[in-house]
Structures are given as structure tokens and as C-alpha cells.
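To start, the structure itself, in C-alpha cells.
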Amino acid sequence: MNEKKRDGLLFLDTGNLEEIEKYLKLKLVDGVTTNPTIMKKSGVIGGFNAIKERSIAIANLINPLPLSVETSSPDGHKKELLEQAREFAGWAKNINVKITFTDQLGNSNTDVIRQLATEKIIVNATAMMSVSQCFLAAKSGARYVSIFLGRVANMGYDPIIETRRLRTLLDRIGLEAQIIAASSREALNVIQWFEAGAHIVTVTPNLLRPCIDHPYTRETVAMFDGDAEEWVKEWRKWRK
Ligand code: E4P
2 MNEKKRDGLL FLDTGNLEEI EKYLKLKLVD GVTTNPTIMK KSGVIGGFNA
52 IKERSIAIAN LINPLPLSVE TSSPDGHKKE LLEQAREFAG WAKNINVKIT
102 FTDQLGNSNT DVIRQLATEK IIVNATAMMS VSQCFLAAKS GARYVSIFLG
152 RVANMGYDPI IETRRLRTLL DRIGLEAQII AASSREALNV IQWFEAGAHI
202 VTVTPNLLRP CIDHPYTRET VAMFDGDAEE WVKEWRKWRK
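Just so we're aligned: the sequence shown equals residues 2 to 241 in this note's numbering.
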């Protein structure tokens, strides 16, 4: 990714190749995020080889845009996370690795994030629900801090206030991490979260669609096309 362009970026939250290709052609996509659940929902079944194959296919399709692939160690083995991260990052230059901020039991993975950052592996610290988690991940060297704003809202906190606080804090301290506003639930979230200060919003294809298509725009375009019909016919004859 162009390192100078750090803000206003739109990522697609999917493992579906057709959807990625569609929005890539429209030049709307700046990157792709996945996680094990997204991969499963996108039909990636068949174990490790299937994950590898799909990740490489997405990475090649969007190259040089970044793709996040998530590591997993159900019993919280840090060595396993590190090994997976090194393996995934080796699949393609534009793959960065997602590390959940803690394991299932709440043990911090900041040491894993720090180690990978030292090895120049780009980390997307993920599954974060608070400003404090994102701050600690950023301080540990994560390039991306993914705050799950839809889930934050479900817990009763205001995602806009949390994003504003996080951006203010990162900017004041001068931490380089980019905020990924994740876990979008409504088309409305995209603009709301950018306005609040997210550098990046990751959105599912079904929420991107209503950001583009509007019934009143269709109606207006139909009016313009109707009134232009006569000269467009002539223009087409002239062009032949
Ligand atoms: C993206 O990076 C996240 O993994 C994703 O947005 C999480 O979405 P969910 O809260 O719907 O699981």
C-alpha cells in the first residue's frame, strides 16, 4: 500500500473472490480483511491447505494492496502464533498477520505483537473492544489496530466516542498505527466511523452495496437518460 496514504481507506471484510474482484474493478477497495469465521462463511473448508490457497489467491488478486490473514492457537500457544505469522507473511509480500489482542482466557499477546514487529512482520492487532487495548497494541508495534465497533455498540458503548478518543490519543502520542474500524453492522457505519477518526473502515460487501446504489439516484439518472435519448441516438450513429 502507498505508505503516504494512511487515511480514508476502505477495506473489504470478506474472503469471497468474486466480491473482491467486483469492487477492485470499481477501484473502491484499498485492502481486504479476513478472519477464520469470514473464511468459513466464504466457503473455505478443507483445512490448512484451503486457507493457504484462498489467502494466496486473494493476495495475488489485490496485489499490492494489503490482505490480513488471522492466526489461531485455541489453547493460546504463543510459539504457534509466531510460527503461523511467519508462515502467512511468507505466502505473499502483501499479506499482514492478524493477532488477537488476547487469547480466549484474556492473556495478553502484546509480546507476540512486539516480536513480530521486531521481525518487520506487519501486524493487525484484532478482536479489540476498547481504547486501552488498541493503545497497548499500537505501543507494542502493531501497524493496524482493529477495533470491533459493532460489538462495542452491542456492549452498550458509543463506537463514535471510542473512535474519537482513540484517534486523538494516537495522534497526540505520535503512534503510527492505523485504526481499522471493524465489525460494521449498517451501511451508515462507513461514513460515521470515518468522521469519528478511523483511518480505515472494513466493510462487508452487502453493506458496501447500499453505499453506492440509491433508488432516487436511479430515478434521476433515468430522467437524464430519457431527456438525452434523442441526441445520444445521433451521437451513436455519428460514432459508427
Ligand atoms: C475484521 O477485521 C473483523 O475480523 C470483522 O469485521 C469482525 O466482524 P464481526 O464482529 O462481524 O465478527
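Every residue, glycine too, gets a C-beta built ideally from N, C-alpha and C.
No experiment lies behind these values; they were computed from the predicted model shown.
Taken through DSSP and simplified to helix, strand or coil, residue 162 comes out as helix.
Checking the DSSP bridge columns, you'll see residue 226 has no partner listed.
Residue 197 has its alpha-carbon roughly 32 Å from the corresponding atom of residue 220. Residue 40 carries a helical assignment under DSSP once its states are collapsed to helix, strand and coil. Spatial neighbours of residue 119 in its own chain (CB-CB distance under 8 Å, excluding positions within 5 residues in sequence) are listed in chain order as 142.
As summarised for the region 46-115, the continuous alpha helix (DSSP H) elements at least 4 residues long and confined to that stretch are 48-63 and 79-92, given in chain order. By the Cβ-count criterion, residue 194 is buried, with 16 or more other Cβ atoms from all chains shown falling within 10 Å of its own Cβ. Assignment of residue 31 by DSSP, reduced to helix, strand and coil, places it in the coil class.
With respect to the 8 Å criterion, residue 180 and residue 201 are classified as neighbours on the basis of their beta carbons. Looking from the CA of residue 182, the closest CA among 166, 151 and 175 belongs to 151. Within the model, the alpha-carbon separation for residue 123 versus residue 144 is close to 6 Å. Under the 8 Å Cβ criterion, the region 12-25 counts as touching the region 34-41, having at least three qualifying pairs. With a cut-off of 7 Å, the C-beta of residue 64 is classified as distant from the ligand E4P, since no heavy atom of the ligand falls inside that distance.
The alpha carbon of residue 215 has as its nearest neighbour, out of 20, 188, 229 and 18, the alpha carbon of 188.
Rounded to the nearest angstrom, the gap between the Cα atoms of residue 26 and residue 20 is 10 Å. Going by beta carbons, residue 169 and residue 127 fall outside the 8 Å limit.
With fewer than 16 other CB atoms across the displayed protein chains lying within 10 angstroms of its CB, residue 177 is exposed. In this chain, the alpha helix (DSSP H) harbouring residue 207 covers 206-213.
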